[in-house]
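Here the structure comes first, spelled out in structure tokens, and everything after it is commentary.
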Amino acid sequence: MHFVSYVLISCVVLIIASCQKEKHEFVFTQLNSGTINDLNSLWFTDDMTGYTCGGDRYYQGNILKTTDAGATWFDQGAAIDKALYSLFFVNNDTAFMGGYDGKIFRTYNAGDSWALYQNYVYQPVRGIFMVNDNLGFCCGGNGFKTGFILHTYDGGNQWQTDTFSMEWRSIFFVDNNHGFVAGYGSIFETTNGGLTWQPTPASGDFFQSLYFSSPQTGFAVGYEGTILKTIDGGKTWEKKRNGNDLLQGTKHFKQIIFRDQTTGYIVGEKGCMLKTENSGESWNEVINAPDVNLNAIFLVEDGGYICGEGGKIYRFLE
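Taking my numbering, the leading residue of the sequence shown gets 1, the next gets one more, and so forth.
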């Protein structure tokens, strides 16, 4: 009888152990950004040169640059008077930024100067994606129920506007014609280079970030903690995490990114950082991530960078 009890207890322990998720620990180093304003986006053009943008919504925009792998940062945005939310580099010299009140900035000289394009839909520009030197898209909106998508065919000299009844936060293209935009309760797709947009079946969260690791395989994360995956180019989306499940801990996701087709990362508020090593089938916590609201992540060869509230920037090594 004692032997049977021992065997049963051992089996229960083994089952519990097998159900526990693997957890990760990285080496984090805090970097001095020189600002206390929130930082919202990150981009590195090589191992040493990187950029982050953010600011104080109504009063100041920050665009910071490092040329020594984050050891020091200097501000390139002294003349920008409102917050910046999105950043996209076409090459080492050419980049676009989106900000508050419909502002889009472009540089041709690695951020030494930024030219302003004023979109007359005065809503925050939350996402930018340049398909190539000429074809690009921006998205944004305000108050959940109003949004826009801008597209340019001439490298940002002129932008055309489409308006929507929902706010958009992220846009991603897999080729010149096929792209996706995600936001409040919806993910839409285009198959004709942004001329028209149609809803996909995805719903159920305020989607904050999109990423496709291949033309067929893509992911979306939501502010309420939903993780969606598609393996058929956006025709169907499967929930890998249900943000509305009360039995799960609360997660507020902000960005998803992949290193390759199998390894990806999510960051979010209250030090949330997750990693997958099986193409998003399961996600495990980075248990020692900094306990701050994280807004953005960018990957480099041996790790990456994260940034968020209060001017916080960290480098991590795996």
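Even glycine gets a Cβ: it sits at the ideal position worked out from N, Cα and C.
Bounds of any beta strand (DSSP E) do not take in ASN242, whose DSSP letter is neither H nor E.
Collapsing the DSSP output to three states places TYR58 in coil. Taken in chain order, no unbroken stretch of alpha helix (DSSP H) lies wholly in the segment 256 to 317 with a span of 4 residues or more. Taking a contact as a CB-CB distance under 8 Å, the pair TYR117 and GLY156 counts as one, their CB atoms being some 7 Å apart. Only residues of its own chain outside the window of five on either side were considered, and among them ASP93, THR94 have a CB closer than 8 Å to the CB of TYR108, listed in chain order. Closest option to ASN192, judged by alpha-carbon separation, among PHE180, SER186, SER203, GLY185: PHE180. Annotation: GLN255 to TYR153 spans about 27 Å, alpha carbon to alpha carbon. Taking C-alpha positions only, LYS82 is separated from ASP75 by approximately 14 Å. A residue is called buried once 16 or more other Cβ atoms fall within 10 Å of its Cβ, and ASN40 is buried on that count.
With respect to THR236, PRO199 sits apart: the two C-beta atoms are not nearer than 8 Å. Going by C-alpha positions, LEU247 is about 32 Å away from LEU317. TYR100 sits in a helix when the DSSP states are folded into three classes. GLY194 is a Cβ neighbour of PHE137, given a cutoff of 8 Å. The distance from the Cβ of GLY243 to that of GLN216 is about 24 Å, inconsistent with a contact at the 8 Å cut-off. Between GLY271 and ILE36, the C-beta spacing is not below 8 Å.
Only residues of its own chain outside the window of five on either side were considered, and among them PHE148 have a CB closer than 6 Å to the CB of THR163, listed in chain order. Across the set GLU189, GLY98, GLN158, the C-alpha of GLN158 shows the shortest separation from the C-alpha of LEU135.
Per the C-alpha coordinates, the member of THR226, ALA289, ILE257, TYR100 positioned closest to PHE172 is ILE257.
Rounded to whole angstroms, the gap between the alpha carbons of ASN284 and THR262 is 13 Å. Listed in chain order, the non-local C-beta contacts of LEU42 below 6 Å within the same chain comprise THR52, ALA296, PHE298, TYR305, CYS307, local neighbours out to five positions each way being set aside. Contact annotation, GLN208 with ARG169: C-beta distance approximately 5 Å; criterion of less than 8 Å satisfied.
PHE144 sits in coil when the DSSP states are folded into three classes, being neither helix nor strand. Shown here, THR49 sits in coil according to DSSP, grouped into three states, outside any helix or strand.
Closest in alpha carbon position to THR161, among GLY141, HIS178, ASN176, is GLY141.
Under DSSP, LYS65 forms a beta bridge with TYR51, PHE74.
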